[in-house]
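Participant: Can you keep this structure in mind? I'll have questions shortly.
In the numbering used here, the protein residues as written are -5 to 305.
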């Protein structure tokens, strides 16, 4: 399978002290939906701007649809569609006019597809942009992008401002595009969205790829949650190898288990006369917090100290 996007050791500096991308590796295969995860400041938007030819990489190798994003910008932009999280549109144009203008920049749009998407996203194209809410402005960008016959979609927080119903419509459209063999790079903070849509994910931290792979391949990085009810006392569970965060309440206990210890723990539970047992595989949110939990806690602590100081 060939790559729609390939970054190898890509570096991007902003001045001598700020390294936004630090030898970043990223591969998006043709026909897949690839999740791109990381908190604000991790380098996701910088990566997308490098791919769009808005920024020039300072080092490394990169390829977009077989071309160079910096040298082949005009040609490549006719083969891709981009949706940012913050959409700035012409306020005096109608939504329909903006959809057509953006579509023309990519070589035109499918009129039947355009009408179908307007109906699915419940967007009135006759209103002027200045009368739209943030969510409706986002719909304009989505309808224009998804109406275009392109090979690659670069989506940077594309559902920002959409209500849950429209988020569901967005997910349905992305599933349709995947079925058609289109490639999608999806940068999102909505972990359930990524979990539902993406074939593979890359977690970026401080400009580097911390982990990359399918969701199943990355599950080994976190613990499995267990909730058990038993006839025998459950206090001994606290001393078992690989068991963490044990909470015991009468005949019920909840805890997490290291990946390599799960079979041993389940075998030991049998001896306690199990009445009910529920195990839950790790979620993408747990994967994310594994890489950023300490950073988030530190940031929260700094914020709390600032509030106290101001008081």
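Using N, Cα and C, we set each Cβ at its ideal position, and we do this for glycine too.
Going by other Cβ atoms of all chains shown within 10 Å of its Cβ, with 16 needed for buried, is residue 304 buried or exposed?
Facilitator: To locate residue 304, count along the chain shown from 1; it is residue 310. Model confidence at residue 304 stands at a pLDDT of 35, short of 50, so the residue's coordinates are unreliable; what they give is reported in the following sentence. Under this definition residue 304 is an exposed residue.
Participant: According to DSSP, which residues form a beta bridge with residue 196?
Facilitator: For the purposes of this step, residue 196 is taken as the residue at position 202 of the chain shown. Per DSSP, 30 and 206.
Participant: Assuming contact is defined by CB atoms lying nearer than 8 Å, are residue 247 and residue 222 in contact in what I supplied?
Facilitator: Walking along the chain shown from the start, residue 247 turns up at place 253. Walking along the chain shown from the start, residue 222 turns up at place 228. In this structure, residue 222 lies closer than 8 Å to residue 247 by Cβ.
Participant: Run the CB neighbour count on residue 208, radius 10 Å, all protein chains shown included, and call it buried at 16 or more, exposed below.
Facilitator: As a first step, residue 208 must be located in the chain shown, where it is residue number 214. Exposed, because fewer than 16 other Cβ atoms sit within 10 Å of the Cβ of residue 208.
Participant: Less than 7 Å between C-beta atoms, sequence neighbours within five positions excluded: which residues of the same chain meet that for residue 235?
Facilitator: In the chain shown, residue 235 corresponds to position 241, counting from 1. If we look at residue 235 and ignore the five residues flanking it on each side, its Cβ neighbours are 255.
Participant: Of the residues 9, 33 and 53, which one's Cα is nearest the Cα of residue 18?
Facilitator: Here residue 18 is taken as the residue at index 24 of the chain shown, counted from 1. It is 53 whose Cα lies nearest to the Cα of residue 18.
Participant: Might you give, ordered along the chain, the residues of its own chain that have their beta carbon closer than 6 Å to the beta carbon of residue 168, omitting 5 neighbours on each side?
Facilitator: Numbered from 1 along the chain shown, position 174 holds the residue referred to as residue 168. Result list for residue 168: 191, in chain order.
Participant: Can you tell me which of the three DSSP states residue 212 falls into?
Facilitator: On the chain shown, residue 212 is found 218 positions in, with the first residue counted as 1. Residue state, collapsed to three classes: helix.
Participant: Using the beta-carbon count (16 or more within 10 Å), is residue 249 buried or exposed?
Facilitator: Counted from its first residue, the chain shown places residue 249 at position 255. Residue 249 should be labelled buried.
Participant: Report all residues from its chain with a CB closer than 7 Å to the CB of residue 300; omit the five preceding and five following residues, and keep chain order.
Facilitator: By one-based count along the chain shown, residue 300 stands at place 306. Unreliable positioning characterises residue 300 in this predicted model, as indicated by a pLDDT of 34, which lies under 50. A coordinate reading is not provided.
Participant: Between the alpha carbons of residue 49 and residue 278, how many angstroms are there, rounded?
Facilitator: One-based indexing of the chain shown puts residue 49 at position 55. One-based indexing of the chain shown puts residue 278 at position 284. Using only the alpha carbons, I get a separation of about 30 Å.
Participant: Taking 8 Å as the limit between beta carbons, can you name the residues of its chain near residue 7, skipping five residues before and five after?
Facilitator: Translated into positions along the chain shown, residue 7 becomes position 13. These residues qualify, in order along the chain: 13, 14 and 52.
Participant: Would you please state the rounded distance, in angstroms, between the beta carbons of residue 220 and residue 232? I believe it to be under 8 Å.
Facilitator: What you label residue 220 is simply residue 226 of the chain shown in a count that begins at 1. What you label residue 232 is simply residue 238 of the chain shown in a count that begins at 1. The Cβ separation is near 13 Å, so there is no contact.
Participant: How is residue 42 classed by DSSP in three states: helix, strand or coil?
Facilitator: Counting from one through the chain shown, the residue named residue 42 turns up at place 48. Looking at residue 42 - three-state DSSP - the assignment turns out to be helix.
Participant: Could you tell me whether the stretch 93 to 108 touches the stretch 57 to 65, using the rule of 3 or more Cβ pairs below 8 Å?
Facilitator: Flag = no, the stretch 93 to 108 and the stretch 57 to 65 do not touch.
Participant: Express the C-alpha separation of residue 202 and residue 58 in angstroms, rounding to a whole number.
Facilitator: Within the chain shown, residue 58 is the residue found at index 64, counting from 1. Within the chain shown, residue 202 is the residue found at index 208, counting from 1. Computed Cα separation, rounded: 19 Å.
Participant: Residues in its own chain within less than 8 Å of residue 229 by CB, not counting five upstream and five downstream?
Facilitator: For this step, residue 229 is matched to residue 235 along the chain shown. If we look at residue 229 and ignore the five residues flanking it on each side, its Cβ neighbours are 242.
Participant: Measuring straight from C-alpha to C-alpha, what distance separates residue 85 and residue 127?
Facilitator: The count along the chain shown starts at 1 and reaches residue 85 at position 91. The count along the chain shown starts at 1 and reaches residue 127 at position 133. Approximately 12 Å, taken between the alpha carbons.
Participant: Using a Cβ-Cβ distance cut-off of 8 Å, determine whether residue 158 contacts chain D.
Facilitator: Judged by its chain identifiers, the structure shown contains no chain D, having just a single protein chain.
Participant: Using a 10 Å radius around the Cβ and a threshold of 16 neighbouring Cβ atoms, would you call residue -2 buried or exposed?
Facilitator: Numbered from 1 along the chain shown, position 4 holds the residue referred to as residue -2. Burial call: buried.
Participant: Counting only the same chain and skipping the five closest in sequence on each side, list residues whose C-beta sits under 6 Å from that of residue 139.
Facilitator: As a first step, residue 139 is located in the chain shown; it is residue number 145 there, counting from the start. The answer, listed in chain order, is 75 and 77.
Participant: Using 10 angstroms around the beta-carbon of residue 276, count the other beta-carbons present and answer buried if the total reaches 16, otherwise exposed.
Facilitator: Translated into positions along the chain shown, residue 276 becomes position 282. By the neighbour-count rule (16 or more Cβ atoms within 10 Å), residue 276 is buried.
Participant: Assign residue 121 to one of three DSSP states: helix, strand, or coil.
Facilitator: For the purposes of this step, residue 121 is taken as residue 127 along the chain shown, with counting starting at 1. Coil.
Participant: Relative to the C-alpha of residue 282, which residue among 272, 0, 22 and 206 is closest?
Facilitator: Locating residue 282 in the chain shown gives position 288, where the first residue counts as 1. Ranking 272, 0, 22 and 206 by Cα distance to residue 282 puts 206 first.
Participant: On a CA-only basis, which of 180, 251 and 112 is nearest residue 214? Give me that one, please.
Facilitator: Residue 214 sits at position 220 when you count from the first residue of the chain shown. Nearest option by C-alpha distance: 251.
Participant: Going residue by residue through the stretch 131 to 197, where are the continuous alpha helix (DSSP H) segments of at least 4 residues, counting only ones entirely within it?
Facilitator: Here the runs fully enclosed are 158 to 173 and 185 to 191.
Participant: With contact counted as at least three CB pairs below 8 Å, one residue from each stretch, are the stretch 98 to 107 and the stretch 170 to 190 in contact?
Facilitator: With the cut-off at 8 Å, the stretch 98 to 107 and the stretch 170 to 190 do not touch.
Participant: For residue 98, which three-state DSSP category applies?
Facilitator: Taking the chain shown and counting its residues from 1, the one referred to as residue 98 is at position 104. Three-state result, residue 98: helix.
Participant: At what residues does the alpha helix (DSSP H) containing residue -4 begin and finish?
Facilitator: By one-based count along the chain shown, residue -4 stands at place 2. Unbroken run through residue -4: none, as it is neither H nor E.
Participant: In chain order, what residues of the same chain lie with their CB nearer than 7 Å to the CB of residue 295, ignoring the 5 residues before and after it?
Facilitator: Here residue 295 refers to the residue found at position 301 when the chain shown is read from its first residue. Bear in mind that a pLDDT of 46 at residue 295, under 50, signals an unreliable position, so the number given afterwards is only what the model happens to contain. Excluding positions up to five away in sequence, the list is empty.
Participant: What is the DSSP secondary structure of residue 81, counted as helix, strand or coil?
Facilitator: Numbered from 1 along the chain shown, position 87 holds the residue referred to as residue 81. Three-state DSSP puts residue 81 in coil, outside helix and strand.
Participant: The alpha helix (DSSP H) with residue 68 in it runs from where to where?
Facilitator: On the chain shown, residue 68 is found 74 positions in, with the first residue counted as 1. Note, residue 68: alpha helix (DSSP H), 67 to 71.
Participant: By Cβ distance below 7 Å, which residues in the same chain neighbour residue 26 in space, the five residues on each side in sequence not counted?
Facilitator: For this step, residue 26 is matched to residue 32 along the chain shown. Correct list, in chain order: 177, 193 and 194.
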